[in-house]
Ligand code: PRP
Ligand code: URA
C-alpha cells in the first residue's frame, strides 16, 4: 500500500501474536511492547541521513559514519504511546521527546486534547509520532496537526496495528506523512475497535478498564 510500510520481521510478528492474546498479563504486555518498539525503531530509522566525523581508534585515525542533523524527536501520543517511546529511547537515547495528551471520546470517537509539550526547532528535525493503535485515525490526525502547527515538516507515524479505515483517513488528512506499522488488520468494529486487534492498548499496558 502506498505510503505504508508493514514491518513484518519474524520477531516483530511473533511478539505481536503474544501481545494480541487476551491471556497475556499486563506485565508481559508492557515488556513485549518495549521489546517490539526497539525492532520497530530500527526499521523506521533505517534511512536516516548520515555524515562522517574524524575519530581516533586505538590503531589509527579514521573518518567514521555518524548521524547527521539535529536530534530526532519522538512524539508520544498519551497514554499508550509511552509504551513504544521507552524502547525507542533505549536505541536513540539522545532523542528529544514531545508528549501529546489525547483521549478518544468513546461516543463520538473524536480525539480530545488535554496536554501538549514539544521541543523547539521542530522545523529542523525529523519527528516520529508513536502510538500503538491507528483505528479511526482521529487521534493520529489531531497529533500530527498540532505538530505541524508548531512547525514540524518532516514527520513519520509509527504504530503497531492499523485499520484500513484509519489508514485511508490519515492519508486523506496528511498525505505527506508515511505510516510504519507491524500489521494492517481487517477492519474496525461498530465501537471503533480494531479487529482482530489487541483490545484497548492503554488498558492492557496499565491494567485499567
Ligand atoms: C487509543 C490509542 C490511540 C487511539 C486510537 O488511545 O492509543 O491514541 O486510541 O484510536 P483512533 O485512531 O480511533 O483515534 P485512547 O484514546 O484509548 O487513550 P489512552 O491511550 O489514554 O488509553
Ligand atoms: N484504541 C485502542 O486502544 N484499541 C483499538 O482497537 C482502537 C482504539
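Residue numbers (full-length UniProt numbering): 1 to 209.
Every residue gets a Cβ at the ideal spot worked out from N, C-alpha and C, and that includes glycine.
Predicted, not measured: the structure shown is a model, and the values here were computed from it.
- Can you tell me whether DSSP reads residue 65 as helix, strand or coil? strand
- Task: Tell me where the alpha helix (DSSP H) around residue 127 begins and ends.
- Result: Per DSSP, residue 127 belongs to no alpha helix (DSSP H); it is in the beta strand (DSSP E), 126 to 130.
- Item | For residue 42, three-class secondary structure by DSSP | helix
- Query: Which residues have a Cβ closer than 5 Å to any heavy atom of the ligand URA, listed in chain order?
  - Reply: 133, 135, 193, 194, 197, 200 and 201
- Message: For residue 76 and residue 112, which I take to be in contact (beta-carbon distance under 8 Å), what is that distance rounded to the nearest angstrom?
- Response: Not really, about 17 Å apart at Cβ, beyond 8 Å.
- Taking 7 Å as the cut-off, does the CB of residue 42 come closer than this to any heavy atom belonging to the ligand PRP? no
- Message: Looking at the secondary structure, which residues open and close the alpha helix (DSSP H) in which residue 148 lies?
- Response: 138 to 149
- Item | Burial state of residue 142 (16 or more Cβ within 10 Å) | buried
- Looking only at its own chain, which residues have a Cβ that is under 7 Å from the Cβ of residue 53, when we skip the five neighbours before and after it? 64 and 66
- Query: Alpha carbon to alpha carbon, how far is residue 178 from residue 59?
  - Reply: 42 Å
- Message: On the criterion of 16 or more Cβ atoms from any shown chain inside 10 Å, does residue 127 qualify as buried, or is it exposed?
- Response: buried
- Message: Less than 8 Å between the beta carbons of residue 135 and residue 117, yes or no?
- Response: no
- Three-state class that DSSP yields for residue 12 in the structure shown: DSSP, reduced to helix, strand and coil, places residue 12 within a helical segment of the structure shown.
- Item | Backbone secondary structure at residue 198 - three-state DSSP | coil
- Query: Can you give the Cα-Cα distance for residue 207 and residue 29, rounded to whole angstroms?
  - Reply: 10 Å
- CB of residue 39 within 8 Å of CB of residue 84, strictly: no
- alpha helix (DSSP H) containing residue 173: first to last residue? Its alpha helix (DSSP H) spans residues 164 to 173.
- Query: Does the Cβ of residue 100 have 16 or more other Cβ atoms within 10 Å, making it buried, or fewer, making it exposed?
  - Reply: For residue 100, the number of other beta carbons within 10 angstroms of its own is at least 16, and it is reported as buried.
- Please confirm whether any heavy atom of the ligand NAD lies closer than 7 Å to the CB of residue 78. Ligands displayed in this structure: the ligand PRP and the ligand URA; the ligand NAD is not among them.
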